[in-house]
Amino acid sequence: ARASVEEAAPGPEAGAPRKAAPAAMPAARRVMAEAGLAAAQVEGTGKGGRITKADALRALDASGSPVARAPETRERPSAPPAAPVDELRALAPREERVKMTRLRQTIARRLKEAQNTAAMLTTFNEVDMSAVMSARGKHKELFERKHGVKLGFMSFFVKAVVQALQDLPAVNAEIDGDEIIYKNYYDIGIAVGTDQGLVVPVLRDADQMSLAEIELAIADLGARARDGKLAIEEMQGGTFTISNGGVYGSLMSTPILNPPQSGILGMHKIQERPMVVDGEIVVRPMMYLALTYDHRIVDGKEAVTFLVRVKELLEDPERLLLDL
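In our numbering, the protein residues as written are 226 to 549.
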């Protein structure tokens with residue numbers, strides 16, 4: 226930019242010694258380049274005659290020079306002169322203040338409550354989804370014809386979670402004052418993203434539901450959640466929550482508890498990765514699992530055992546049907 230500005234300055238008379246153009250600060254060079262000003266047109270007041278940004282702006286005001294535009298190759302209708310940068314910024318504010326919706330305020334309050342109250346910790350594992358994907362691919366068309374709903378992955382996860390909760394009751398419990406409430410029912414919250422925010426409708430007595438009943442309930446709750454037609458009581462009283470960040474492409478996350486619950490399972494994107502199976506490297510569809518739990522109730526051993534149990538059931542889904 227400096228070279229182009231200095232070349233535009235009027236040259237000395239023939240035979241006269243060439244006088245060097247005064248040096249310009251980087252900020253000043255940008256102003257001069259945008260305005261089409263030559264260094265010789267600006268009086269420098271800086272050290273050693275250097276041109277400062279203030280000098281360039283003063284010269285711009287004095288000359289009334291518009292911001293330089295690229296030459297046009299053909300005639301066009303005349304356009305109004307470009308507005309100065311400051312005016313453009315004034316017309317398009319860089320910040321916008323919007324009042325939080327009641328739902329967003331509730332979400333913010335409950336998540337902060339979870340951080341302030343629970344002793345949250347997250348443990349991770351990974352699951353080979355080959356068996357579930359094979360079963361789903363084999364039966365999905367017949368399943369949809371018979372039940373009127375698609376066979377997804379969530380029903381397998383709900384079934385696996387319920388069996389793991391039955392084996393590890395602390396993960397299905399909550400603290401009330403100085404007491405622990407162990408729940409012998411399994412109401413599983415399913416996190417659903419909507420345009421208004423995240424909501425968690427609850428599958429009541431999920432342990433009594435078949436795969437088809439789970440899929441039908443999830444489809445109904447999800448549709449009404451996105452339409453904003455869920456009743457408040459349909460989002461209250463869950464004992465455990467499942468969140469699926471994989472639908473948005475997440476590979477791994479640390480989900481936050483939905484108080485007063487003591488556990489939440491995070492599902493993630495299925496991705497093919499090389500794995501060692503029986504001494505050989507094979508490509509398998511893998512998913513990372515994350516369990517965030519309240520360490521006040523759930524010990525590390527119980528949390529890891531719970532997640533391993535979920536993994537084992539998903540990698541051998543026949544055990545879900547046989548309750549093994």
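Think of the CB as a built atom: it goes at the ideal place given N, C-alpha and C, for glycine as much as any other residue.
Source: prediction; values computed, not measured.
Item: Neighbour-count burial assignment, N483, 16 or more Cβ in a 10 Å radius; Value: buried
Item: Pairwise C-alpha distance: T466 and A333; Value: 17 Å
Item: Beta-carbon contacts of R227 that lie in its chain and below 6 Å, excluding the five residues immediately before and after; Value: Model confidence at R227 stands at a pLDDT of 44, short of 50, so the residue's coordinates are unreliable; what they give is reported in the following sentence. Excluding sequence neighbours, R227 sits near R254.
Item: G447 versus L428, L436, A248, D432, residue with shortest Cα-Cα distance; Value: L428
Item: Rounded C-alpha distance that separates V523 from E320; Value: 44 Å
Item: Contacting residues, own chain, Cβ-Cβ under 8 Å from A295 (five flanking each side not counted); Value: Low confidence applies here, because A295 scores a pLDDT of 44, under 50, leaving its location unreliable; read the following figure in that light. Around A295: no qualifying Cβ.
Item: Proximity below 7 Å, CB of A339 to CB of I457; Value: no
Item: Own chain partners of V387 with C-beta closer than 8 Å, once the 5 adjacent residues on each side are dropped; Value: Y411, I413, A431, D432
Item: Proximity winner among K272, G261, L423, relative to L328 (alpha-carbon distances); Value: L423
Item: Cross-strand partners of M325 (DSSP beta bridge); Value: None; M325 has no bridge partner.
Item: Three-state secondary structure assigned by DSSP to I495; Value: coil
Item: Inter-residue CB distance, E540 and D353 (contact presumed, cutoff 8 Å); Value: 5 Å
Item: F381 in three-state terms, based on DSSP; Value: helix
Item: Paired residues, beta bridge with E505 - DSSP; Value: V502
Item: The beta strand (DSSP E) enclosing I467, as first and last residue numbers; Value: 465–469
Item: Residue range of the alpha helix (DSSP H) that includes T530; Value: 525–540
Item: Cβ shell of L436 (< 6 Å), same chain only, five flanking positions each side left out; Value: S380
Item: Check whether F531 and V396 have beta carbons under 7 Å apart; Value: yes
Item: Whole-Å CB distance - M250 paired with T277, under 8 Å assumed; Value: 5 Å
Item: L285: CB within 6 Å of a non-hydrogen atom of the ligand FMN; Value: With respect to small molecules bound, the structure shown includes none, and the ligand FMN cannot be examined in it.
Item: Three or more C-beta pairs below 8 Å linking the segment 493–509 and the segment 397–405; Value: no
Item: Classification of M511 by the beta-carbon crowding that lies within 10 angstroms, buried from 16 upward; Value: buried
Item: CA-to-CA distance, R451 to G504, given in whole angstroms; Value: 47 Å
Item: Nearest-angstrom Cα separation, counted from G462 out to K363; Value: 36 Å
Item: In DSSP terms, what T347 is bridged to; Value: T517
Item: Residue nearest to A284 in terms of C-alpha spacing, selected from R275, A260, K337, D445; Value: A260
Item: Rounded distance between the beta-carbons of S359 and R509, thought under 8 Å; Value: About 12 Å separates the two Cβ atoms, so there is no contact after all.
Item: Straight-line Cα distance separating P394 from V383; Value: 16 Å
Item: Outcome for N469 when other beta-carbon atoms lying within 10 angstroms are tallied against a minimum of 16; Value: buried
Item: Local conformation of M257 per DSSP, three classes; Value: helix
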